[in-house]
Amino acid sequence: VLEAFFRDPALRLGERELATASRLAPLAAAAVSRDALLQDLRQTEARLRSVVEQIPAITYVDDVDRTPVYTSPQIRSLLGYTVGEWQRPGFWISRVHADDRDRVQASYDQVTHTGRIDIEYRMLAGDGRVMWFNERAHLVTDDAGRPAAIHGVILDITGRRLAEEALRESEARRGRVLAEMLRAEEAERARIATELHDDTIQVMTAALITLDRVTPAIGAGNLERALE
Numbered sequence: 065v066l067e068a069f070f071r072d073p074a075l076r077l078g079e080r081e082l083a084t085a086s087r088l089a090p091l092a093a094a095a096v097s098r099d100a101l102l103q104d105l106r107q108t109e110a111r112l113r114s115v116v117e118q119i120p121a122i123t124y125v126d127d128v129d130r131t132p133v134y135t136s137p138q139i140r141s142l143l144g145y146t147v148g149e150w151q152r153p154g155f156w157i158s159r160v161h162a163d164d165r166d167r168v169q170a171s172y173d174q175v176t177h178t179g180r181i182d183i184e185y186r187m188l189a190g191d192g193r194v195m196w197f198n199e200r201a202h203l204v205t206d207d208a209g210r211p212a213a214i215h216g217v218i219l220d221i222t223g224r225r226l227a228e229e230a231l232r233e234s235e236a237r238r239g240r241v242l243a244e245m246l247r248a249e250e251a252e253r254a255r256i257a258t259e260l261h262d263d264t265i266q267v268m269t270a271a272l273i274t275l276d277r278v279t280p281a282i283g284a285g286n287l288e289r290a291l292e
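Next comes the structure, spelled out in structure tokens:
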């Protein structure tokens with residue numbers, strides 16, 4: 065508008081026109097700057113959303129009262145639920161495994177005091193699978209230091225936990241095999257000791273006694289006894 069106004073060949077620039085330009089120029093600059101900032105903001109938001117929604121994890125933003133503000137779409141690929149389902153009141157906690165639910169709820173209830181969440185727990189997927197997740201979140205405050213929001217990320221650690229459980233089971237099996245081998249070894253040692261005590265040692269002792277009796281028989285000239 066300013067350009068069209070001042071490029072008018074019939075316009076004669078005077079004090080009135082310059083005063084009008086002085087009033088309009090800051091408004092025009094602010095409007096242009098605002099549009100440019102909004103465009104940059106939209107582009108930055110789009111890039112950030114693209115990055116966030118490509119990582120293999122669920123990211124979220126909640127109000128301090130746990131009202132969902134944003135939940136990334138990975139909720140469907142990882143757990144089989146839509147964002148709308150997940151954000152329904154009480155839905156997410158109902159999907160936490162019953163054995164872990166109280167522990168998870170307590171961690172959520174304490175976040176305004178602790179300022180963070182770092183917990184591993186099981187969750188039920190839409191197809192009935194039990195999956196392990198590590199959730200990490202922190203409390204965000206405003207300029208006055210008041211709690212403003214909770215930003216978090218939920219990582220799928222099912223593979224790691226299954227590997228750990230398989231390793232523990234392997235170690236347990238190895239321990240059982242080793243214990244059985246030790247028991248078998250002790251049993252064999254006991255059997256050999258019994259045979260030595262009840263048979264071999266007695267035979268050897270009897271032989272030594274018999275040999276000891278040969279010398280006196282020879283010394284006494286009793287060859288028949290010695291030969292016997």
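Its first residue numbered 65, the sequence shown is counted upward by one per residue in the working numbering. By construction, the Cβ of each residue, glycine as well, lies at the ideal position given by its N, Cα and C atoms.
Per DSSP, reduced to three states, the secondary structure at R76 is coil, with no helix or strand assignment. In this structure, W150 sits away from I157, with a CB-CB distance that is not shorter than 8 Å. Residue pairing by DSSP places T123 opposite V217 in a beta bridge.
Collapsing the DSSP output to three states places H261 in a helix.
By the neighbour-count criterion, in which 16 or more other beta carbons inside 10 Å mark a residue as buried, V278 falls on the exposed side.
In the DSSP assignment, D166 falls within the unbroken alpha helix (DSSP H) covering R165 to D173. With fewer than 16 other Cβ atoms inside 10 Å of its own Cβ, S86 counts as exposed. Between L142 and I122, the C-beta gap is smaller than 8 Å, which places the two residues in contact.
The beta carbon of F155 sits closer than 7 Å to those of E149, all from its chain and outside the five residues before and after it, given in chain order. D206 and D126 have their C-alpha atoms some 14 Å from each other. The continuous alpha helix (DSSP H) containing R159 extends over residues F155 to R159. The continuous alpha helix (DSSP H) containing R289 extends over residues L287 to L291. In the three-state reduction of the DSSP assignment, A212 falls in the strand class, which pools E and B.
Here V241 is exposed, its C-beta having fewer than 16 other C-beta atoms within 10 Å.
A85 sits in a helix when the DSSP states are folded into three classes. Distance from the CA of Q266 to the CA of S234, rounded to the nearest whole angstrom, comes to 47 Å. Across the set R225, D173 and Y145, the C-alpha of Y145 shows the shortest separation from the C-alpha of D191. In the structure shown, V241 falls within a helical segment according to DSSP collapsed to helix, strand and coil. With contacts defined by Cβ atoms closer than 8 Å, V160 and Y185 form a contacting pair. Between the alpha carbons of H202 and V217 lies a gap of roughly 10 Å. Beta-bridge partners of P280 (DSSP): none assigned.
In the DSSP assignment, V133 falls within the beta strand (DSSP E) that extends over P132 to T135.
By the beta-carbon neighbour count (other beta carbons within 10 angstroms, threshold 16), E199 is buried.
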